[in-house]
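The structure under discussion appears below in the form of structure tokens.
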Amino acid sequence: MIVAKNAPRGRVFLVGAGPGDPDLLTVKALRILQNASIVAYDELVGPEIMDLIPEGVERIAVGRRKGTCPNAPSIHPAVLERALEGRDVVRLKGGDPMVFGRGAEEAEELTALAIPFEIVPGISAALGAASTSGIPLTHRDASPSVTFATAQLRHDREGDPLADLPRTGTLVLYMGLSTLAQTSERLVATGRAPSTPVAVVSRATLPDERVVTGTLATIAAEVARADVPTPALVVIGEVVDKRVVSVLPVPSLADAQSGGRALVVPRHRVRGALRVGRMRGR
Ligand code: SAH
Numbered sequence: 184m185i186v187a188k189n190a191p192r193g194r195v196f197l198v199g200a201g202p203g204d205p206d207l208l209t210v211k212a213l214r215i216l217q218n219a220s221i222v223a224y225d226e227l228v229g230p231e232i233m234d235l236i237p238e239g240v241e242r243i244a245v246g247r248r249k250g251t252c253p254n255a256p257s258i259h260p261a262v263l264e265r266a267l268e269g270r271d272v273v274r275l276k277g278g279d280p281m282v283f284g285r286g287a288e289e290a291e292e293l294t295a296l297a298i299p300f301e302i303v304p305g306i307s308a309a310l311g312a313a314s315t316s317g318i319p320l321t322h323r324d325a326s327p328s329v330t331f332a333t334a335q336l337r338h339d340r341e342g343d344p345l346a347d348l349p350r351t352g353t354l355v356l357y358m359g360l361s362t363l364a365q366t367s368e369r370l371v372a373t374g375r376a377p378s379t380p381v382a383v384v385s386r387a388t389l390p391d392e393r394v395v396t397g398t399l400a401t402i403a404a405e406v407a408r409a410d411v412p413t414p415a416l417v418v419i420g421e422v423v424d425k426r427v428v429s430v431l432p433v434p435s436l437a438d439a440q441s442g443g444r445a446l447v448v449p450r451h452r453v454r455g456a457l458r459v460g461r462m463r464g465r
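Going by our numbering, the sequence shown opens with residue 184, and the numbers climb by one from there.
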């Protein structure tokens, strides 16, 4: 690809698409998508969100799967090519571009080619999963801190990505499902109790979201039995026991505006005598 050095560059928008539910896109992301002429997206961005992109917009699937050469550039050549031709490109990424999203690596490569970029945040999977599953990430009675971590290392890096993690507080593992058995064992070996509660939240914020719970000792077997699909997050810590579940179906926004709201009670109070009610005027 030969491009004149000072030819005008297009802009690249590195946009977070959120965890999956299209209603969780930011207003800014939606506005950018609706004005885009080229959208490059990865496999985490589902059809529910792609359907919001107007017809006629060029769509480029830039899925990167396991086994990609570690030294390969982060940004897809098709994106670079179009930006170097002077065209604006939206690079749509699952969750937030700066949380296990390679946003900074792509931005550095753009800068090296004098291509201007803007990074637009998205709701990261951990934040989406916490709200829809009802599992808080911090809680005054359970954990004052949360760590986002991955059990996966770049193929060319050595070492144990779990070795330096805090031994207390909430731990959220991205890309952790396939290695859950080894990870759980490793966390116990390095100081967490085998009875530590764990939840796996699969396809968070999507209509088929599922939550499987257990402990560090049992979660791998529970997940294998339940056969949960990816993408999935692993939430480890006492916060899992603070899960809250609405006692009523969550009303749509229109319902909520016209009347009562669902009453949210902690899960341990859902068992036993249950007072189901609607709260008005709160
Ligand atoms: N940038 C993204 C993370 C990309 S890494 C973000 O901020 O969310 C990909 C990992 O994110 C998956 O392996 C999974 O652990 C997690 N993930 C993404 N979407 C998810 C979803 N809807 N439900 C559960 N986990 C999800």
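Ideal Cβ positions, reconstructed from N, Cα and C, are used throughout, including at glycine.
- Between the stretch 228–243 and the stretch 283–294, the count of Cβ pairs shorter than 8 Å is below three; the stretches do not touch.
- DSSP, reduced to helix, strand and coil, places glutamate 341 outside both helices and strands of the structure shown, so it counts as coil.
- Cβ-Cβ separation between isoleucine 215 and valine 282: approximately 19 Å, too far for a contact (criterion under 8 Å).
- Cβ-Cβ distances below 6 Å link aspartate 279 to Gly199, Pro304, Gly305, Ser307 in the same chain, with the five nearest sequence neighbours on each side left out; the list follows chain order.
- Scanning Val210, Val384, Gly352, Ile243 for the CA closest to the CA of threonine 321 turns up Gly352.
- At a Cβ-Cβ threshold of 7 Å, threonine 373 and proline 349 do not count as neighbours.
- Residue side-chain check: glycine 229 keeps its Cβ at 6 Å or more from all non-hydrogen atoms of the ligand SAH.
- By the C-beta criterion, the stretch 259–277 is judged not to be in contact with the stretch 382–402, since fewer than 3 inter-stretch pairs fall below 8 Å.
- In the DSSP assignment, no residue is bridged to proline 202.
- Counting the other Cβ atoms within 10 Å of the Cβ of leucine 208 gives 16 or more, which makes it buried.
- The shortest C-alpha to C-alpha distance from proline 202 to any of Ala219, Gly229, Gly317, Gly193 is the one to Gly229.
- Valine 411: not part of any beta strand (DSSP E); DSSP gives it neither H nor E.
- For the beta strand (DSSP E) assignment, the uninterrupted runs of no fewer than 3 residues enclosed by the stretch 217–283 are, from N- to C-terminal side, 221–224, 241–244, 272–276.
- Per DSSP, the unbroken beta strand (DSSP E) holding arginine 393 starts and ends at 393–398.
- Separation of the CB atoms of leucine 354 and glycine 420 is rounded to 6 Å, and the pair is thereby assigned contact status at 8 Å.
- The beta carbons of proline 377 and aspartate 424 sit no closer together than 7 Å.
- At a Cβ-Cβ threshold of 7 Å, alanine 325 and leucine 416 do not count as neighbours.
- Of the candidates Arg393, Ala400, Ala346, the residue whose Cα lies closest to the Cα of proline 412 is Arg393.
- In this structure, valine 222 keeps its C-beta atom at 7 Å or more from the C-beta atom of alanine 266.
- For valine 303, the enclosing beta strand (DSSP E) has its first and last residue at 300–303.
- Annotation for serine 316: Val384, Val394 place their beta carbon closer than 6 Å to its own, counting only its chain and skipping 5 residues before and after.
- Under the DSSP definition of a beta bridge, leucine 354 partners with Thr330, Ile419.
- Distances between the C-beta of alanine 387 and the heavy atoms of the ligand SAH include at least one below 6 Å.
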